[in-house]
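To convert, note that position 95 of the sequence shown is 95 in our numbering; the numbers rise steadily by one, no gaps.
See structure below.
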Amino acid sequence: MLMKYYEIKIPRYNAHSLLVDEQDSDDLLKGNYAGFIFPIVYITERCCSVSVRELPEMLYLFDSGELLISNKMIGLIDGINATGWKSYHIELYDSHEDYISGYSGFSICSNSMKDSFDFVLECKNGSYHYYCSDRIRQMIEKRKFKGFSFKEVDENDTK
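Rendered as structure tokens:
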């Protein structure tokens with residue numbers, strides 16, 4: 001029996017890495033860390049300081065395509081032994097070079113819903129789509145994490 005999946009609509013955020021180019025962004029997103037030196041440093045492009053309370057638990061970096069996740073959410077998904085993901089150390093700064101704590105880089109290492117992972121990354125029509133299992137969706141909704149929306153995946157999409 002196939003796992004039930006939901007496409008995750010992740011808030012877009014303007015930030016860029018000081019060290020990662022577009023080609024390397026794909027490797028980070030997929031969890032291929034060979035050749036990277038951590039932490040990866042990101043600078044937001046907002047014109048004012050950002051408090052962690054303003055930011056959602058997961059961010060899609062519009063300029064580079066990478067994902068960031070709050071350490072709070074990492075603790076929860078790690079605590080339920082969620083599969084198909086890993087994280088990496090980052091430093092996040094606002095445009096005034098003030099440090100924003102509480103985030104890590106987030107990679108989705110699985111690329112097929114047929115393998116029953118909690119997180120899946122698929123490339124369709126040249127763009128990435130992020131999926132999670134029903135148990136992850138329920139956890140996010142139960143904790144009332146802000147910024148997420150979900151779209152149920154049609155069974156035909158998983159074949």
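Ideal Cβ placement from N, Cα and C applies to all residues, glycine included.
None of these values were measured; they are calculated from a predicted model.
Straight-line Cα distance separating residue j from residue i
i: Lys114; j: Lys4; result: 10 Å
i: Leu59; j: Ile43; result: 13 Å
i: Leu67; j: Leu2; result: 26 Å
i: Asn32; j: Lys142; result: 31 Å
i: Phe117; j: Ser133; result: 7 Å
i: Tyr13; j: Phe145; result: 16 Å
i: Ile108; j: Asp27; result: 10 Å
i: His89; j: Val153; result: 31 Å
i: Gly35; j: Gln138; result: 36 Å
i: Phe62; j: Tyr128; result: 12 Å
i: Lys30; j: Ile140; result: 22 Å
i: Asn111; j: Tyr6; result: 14 Å
i: Tyr93; j: Lys151; result: 31 Å
i: Val20; j: Pro39; result: 11 Å
i: Cys48; j: Ile100; result: Residue placement at Cys48 is poorly supported in this model, since its pLDDT is 49, which falls under 50; the coordinates still yield a value, given next. Straight-line Cα distance between these residues: approximately 12 Å.
i: Ser149; j: Ile80; result: 21 Å
Whether residue i touches residue j by CB criterion (8 Å)
i: Val41; j: Glu91; result: yes
i: Glu45; j: Ala15; result: yes
Beta-carbon separation (whole angstroms), residue i vs residue j, contact threshold 8 Å
i: Ser95; j: Ser64; result: Their Cβ separation, rounded to whole angstroms, is 16 Å, which puts Ser95 and Ser64 out of contact at 8 Å.
i: Ile8; j: Tyr130; result: 5 Å
i: Pro164; j: Gly126; result: Past the edges of the chain, shown from 1 to 159, lies residue 164, and the structure says nothing about it.
i: Ile10; j: Ile77; result: Not quite, the Cβ-Cβ distance comes to about 14 Å (not below 8 Å), so this is no contact.
N-terminal and C-terminal residue of the beta strand (DSSP E) that residue i is part of
i: Met58; result: Met58 to Leu61
i: Lys151; result: Ser149 to Glu152
Start and end residues, alpha helix (DSSP H) containing residue i
i: Leu76; result: Asn71 to Gly79
i: Lys4; result: It is not in any alpha helix (DSSP H) - Lys4 carries neither H nor E in the DSSP assignment.
For the segment 83-101 and the segment 117-124, state whether three or more C-beta atom pairs, one from each stretch, are separated by less than 8 Å. yes
Could you say if the segment 100-108 and the segment 60-75 meet the contact criterion of at least three C-beta pairs nearer than 8 Å? yes
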